[in-house]
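J.:
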Amino acid sequence: MTSMSTESLPQPAPAGEISGAAAARPYLDHFVRSMAGAGAPAWLRTRREQAMRHFSTLGFPTQRQEGWRHTSLAPIVQSEFALAVEAAWTPAFSAALARLPLAGLAAPRAVLLNGRFAPAASQLEALPAGVSVTPLARAWRDNAAAESYWAKLATGERHGLIALNTALAEDGLLVEVAPGIEADQPLLLVYASAGGGTPASGGSPVAQFPRALILAGRSSRLAVIEVFLTLSGGAHFTNAVTEIRLDENAEVDHYKIAHESLSALHFGAVEAQLERDARYRTSSILLGGRLVRNETGARLAGAGAETRLLGLYVASGRQHMDNFTRLDHAHPHGASREYYKGILDGESVGVFSGRIIVRPGAQRTDAIQSNKNLLLSETASLRAAEPQLEIYADDVRCTHGATVGQLDAEALFYLRTRGLDADAARRLLTYAFANEILAQVAVTSLRQTLEKELFARWSGQPDSAPSPA
Amino acid sequence: MLEIDNLHARAEEREILRGINLRLKAGEVHAIMGPNGSGKSTLAQVLAGRETYTVTGGSVRYLGRDLLEMKPEERAREGLFLAFQYPVEIPGVSNMYFLRAALNAARKQQGLEELDAADFLTRVRDKIRLLGMEDSLLQRSVNEGFSGGEKKRNEIFQMAVLEPKLAVLDETDSGLDIDALKVVAQGVNALRGRERGILLVTHYQRLLNYIIPDFVHVLSNGRIVRSGGKELALELEEKGYGWLETAAVA
Ligand SMILES: Nc1ncnc2c1ncn2[C@@H]1O[C@H](COP(=O)(O)OP(=O)(O)O)[C@@H](O)[C@H]1O
Ligand SMILES: [Mg+2]
């Protein structure tokens, strides 16, 4: 029995206008039909219902909303998706996954298929001691930490898409690192989508709502890599939310790699909370997807916390990639570093907007933000918002810079005088531009895979990449 | 191998080369000297195919071909090498990859098989030693964070690996201490040979103590105002460029 009915929800706006709210209807109906997770613990039902209420009030973000000016969600709002299609893991998926180098990194891995844990594809036997991975569907029932933290960092109160994920996620992953544990291996989380446009989905593309909660205990250390891939079906809507909590003095090295098909629609939010002296590094690498909106937020909730946000977005054709970052300094002596780079070709559009909040009392905050873009064609464009600085403390250092440019003519000439043709020289310099971000990927196997992947993309050579040591 | 006839070139409305004539035969070393701003680098860059300069008159033939018709990369693959006065930094590309790509471009042109990373290393090892380079320099980004001397040495190293037919060295000696200068000279002398030509652009006579040129030309205000044997360099060292400049304007 669900404790909620459609009547208790605000009614969507009248049909005709594609407002966020009108488009919310099918999701609402699905939510009600799925009985909001019957059998789920009361706290979970309450959180989901709340989230559904937020979603039905807020709807999908529109371009009139702050932070959304340059990105229209029309391709998502106007499409019909088969919601949460359950698909069994098949040998064909294993074969498809095996062809994707990013899924084959040597590391314990958990695989989600359309948002649900896929034990057949996961390899969790070799998890480092003190690290555990539990499907959320189970953790919700019996793990007190899940109740304490799930949907607390990314609440959806003010964000329709996060609310939607919170209401509809039926599974996901809980990663826990025990206090004092320094994991000697990275952990790989693979988010695979399959089945769009196939009989399993009734012909419609699939919508999936993957979810992860990562809890790093006091003085623990973990590297975690999230990879988003399309196994079959091409078109799909991924709405993924990852929450990361770093307890005191914990260190997390997080990577998000969005490498879905060129017809995929992707919304992702990674929300981190750093307690005292915690160190959080995150890299968002956007390579695939037709429309991507990637939000990275970090709240420095204890003194002395440090964070570094790296971003690389590589778009061509008609890809649209929107990067939104929010750094929230709530305590003194916090440091944040933010470096985002974009490479835009074809008719692609890149968007970058970065918000930095320095709350009252967050003295000696030190924040640096930089966004550099390379335009490879005359039809590609970058839309950068003015940096949004909200500073309520006075002893603060905040610097920011943004550039949009083309390849350096002198470097091109230099390469040509050494016999490289103009095209090869251009591709090499494009790679070199990306390399500044890749070079900072601390997980060697991941770095090498990305180097190869990107170098091959520009050079067509599956050769070793030209990165310096 | 190189025949420059009445070459004129400009950059942005400004005429820089105003009628250069020069003939360099295989096996010869020519030095071009001249004060700052006389057009030495412009000449070197025009020979390499830099598009910021527009050739407004004259002709250049290289190995019997019209050089000015060739793209920079074609010139390189046909054995023309320019050591830059200011080598360019390319962060994100390893020196090793860069050199191998360059060498393979030339090999492809000659119908030879391309070298993989291991073969390449074997081949360049003794050149590294010849130039007293640190192996680690190969792993670093091209010229990034190199000292002035390291950059110049890296140019000569590239030349040694590519074994060009015609090497144009633009002030490769400037800013080097005497030890580095000797190393550079050694690299150049090792390349000297009957089928090769070298055009040394220099501001100072000092280099010519170590690389003895067959001919010395003085460039002033976009023209070669005097040519002679190696003694001309000494004369310049003694008298400075002043007397020739006045001569050129007159
Ligand atoms: N790209 C350019 N645009 C405008 N002026 C230039 C350019 N390159 C060189 N010049 C000018 O041409 C003259 C010759 O320069 P250059 O060839 O570099 O001399 P050198 O190498 O003999 O010192 C100088 O006055 C210089 O300022
Ligand atoms: Mg010069």
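Residue numbers (this note's numbering), protein chains in the order written: chain A, 314 to 782; chain B, 533 to 782. For glycine and all other residues, C-beta sits at the position ideal for the given N, C-alpha and C. Just so you know, these numbers come straight off a predicted model, no measurement behind them.
1. Taking beta-carbon pairs under 9 Å, can you tell me which members of the region 664–692 of chain A lie near chain B?
2. Using the beta-carbon count (16 or more within 10 Å), is E573 of chain A buried or exposed?
3. For R546 of chain B, does the three-state DSSP call read helix, strand or coil?
4. Please state the DSSP three-state secondary structure of V662 of chain A.
5. Report yes or no: is there a C-beta of chain A within less than 8 Å of the C-beta of V625 of chain B?
6. Is there a Cβ of chain B sitting closer than 8 Å to that of L733 of chain A, yes or no?
7. On the CB-based measure, 16 or more other CB atoms within 10 Å of its CB, does T319 of chain A come out buried or exposed?
8. Under 8 Å between the Cβ atoms of A529 of chain A and V565 of chain A?
9. Using beta carbons (cut-off 8 Å, strictly below), is F747 of chain B in contact with chain A?
10. Per DSSP, what kind of secondary structure is K654 of chain A in: helix, strand or coil?
11. Decide if E645 of chain B is buried, meaning its Cβ has at least 16 other Cβ atoms within 10 Å, or exposed.
12. Since F747 of chain B sits in a beta bridge, which residues does DSSP pair it with?
13. Counting Cβ pairs, one atom from each stretch, are 3 or more of them under 8 Å apart for the region 529–543 of chain A and the region 464–484 of chain A?
14. In whole angstroms, give me the CA-to-CA distance for L322 of chain A and A698 of chain A.
15. Rounding to the nearest angstrom, what Cα-Cα distance links P339 of chain A and F630 of chain B in this structure?
16. With a threshold of 8 Å between beta-carbons, can R657 of chain B be considered close to chain A, or not?
17. Are there three or more Cβ pairs, one per stretch, closer than 8 Å when the region 755–771 of chain B is compared with the region 725–733 of chain B?
18. Quick check: is the beta carbon of P696 of chain B nearer than 8 Å to any beta carbon in chain A?
19. Expressed to the nearest angstrom, what Euclidean distance is found between the alpha-carbon atoms of G417 of chain A and S649 of chain A?
20. When the Cα atoms are used, what is the spatial distance from L713 of chain B to E767 of chain B?
21. Could you tell me the alpha carbon to alpha carbon distance between P354 of chain A and A450 of chain A, rounded to whole angstroms?
22. Using the beta-carbon of each residue, find all residues closer than 6 Å to any heavy atom of ligand 3 and list them in chain order.
23. So, does the CB of L763 of chain A fall closer than 8 Å to a CB anywhere in chain B?
24. When the Cα atoms are used, what is the spatial distance from K771 of chain B to A541 of chain B?
25. Whole angstroms is fine: what's the gap from P325 of chain A's alpha carbon to D734 of chain A's?
26. In the DSSP assignment, find the beta strand (DSSP E) that holds P604 of chain B and state where it starts and stops.
27. Considering Cα atoms alone, identify which of B:L701, B:I710, B:L600 is closest to V592 of chain B.
28. Return yes when the C-beta of Q617 of chain B is under 7 Å from any heavy atom of ligand 2, and no when it is not.
29. Any heavy atom of ligand 2 closer than 7 Å to the CB of E687 of chain B?
30. Tell me the start and end of each unbroken beta strand (DSSP E) in the region 552–607 of chain A that is at least 3 residues and wholly inside, in chain order.
31. Quick test of your reading: I688 of chain B and N721 of chain B, contact by CB under 8 Å. State the CB separation rounded to the nearest angstrom.
32. Going by other Cβ atoms of all chains shown within 10 Å of its Cβ, with 16 needed for buried, is T678 of chain A buried or exposed?
33. Does any CB atom of chain A fall closer than 8 Å to the CB of R728 of chain B?
34. Helix, strand or coil for Y504 of chain A per DSSP?
35. Counting Cβ pairs, one atom from each stretch, are 3 or more of them under 8 Å apart for the region 378–394 of chain A and the region 404–412 of chain A?
T.: Reading off the structure:
1. none
2. buried
3. strand
4. strand
5. yes
6. yes
7. Low confidence applies to T319 of chain A: its pLDDT is 36, below 50, so where it sits in the model is not reliable, and the reading given next is rough at best. With fewer than 16 other Cβ atoms within 10 Å, it is exposed.
8. yes
9. no
10. strand
11. exposed
12. B:H562
13. no
14. With a pLDDT of only 45 at L322 of chain A, under 50, the local geometry of the prediction cannot be trusted, and no value is derived from it.
15. 55 Å
16. no
17. no
18. no
19. 32 Å
20. 21 Å
21. 11 Å
22. No copy of ligand 3 occurs in the structure displayed; its ligands are ligand 1 and ligand 2 alone.
23. no
24. 29 Å
25. Confidence at P325 of chain A is low in this model, with a pLDDT of 43, below 50, so the placement of that residue is unreliable and no value is reported for it.
26. Counting along the chain, P604 of chain B falls outside any beta strand (DSSP E), though it belongs to the alpha helix (DSSP H) covering 604–609.
27. B:L600
28. yes
29. no
30. 564–572, 578–587, 592–599
31. With a Cβ gap of about 11 Å, I688 of chain B and N721 of chain B do not count as contacting.
32. buried
33. no
34. strand
35. no
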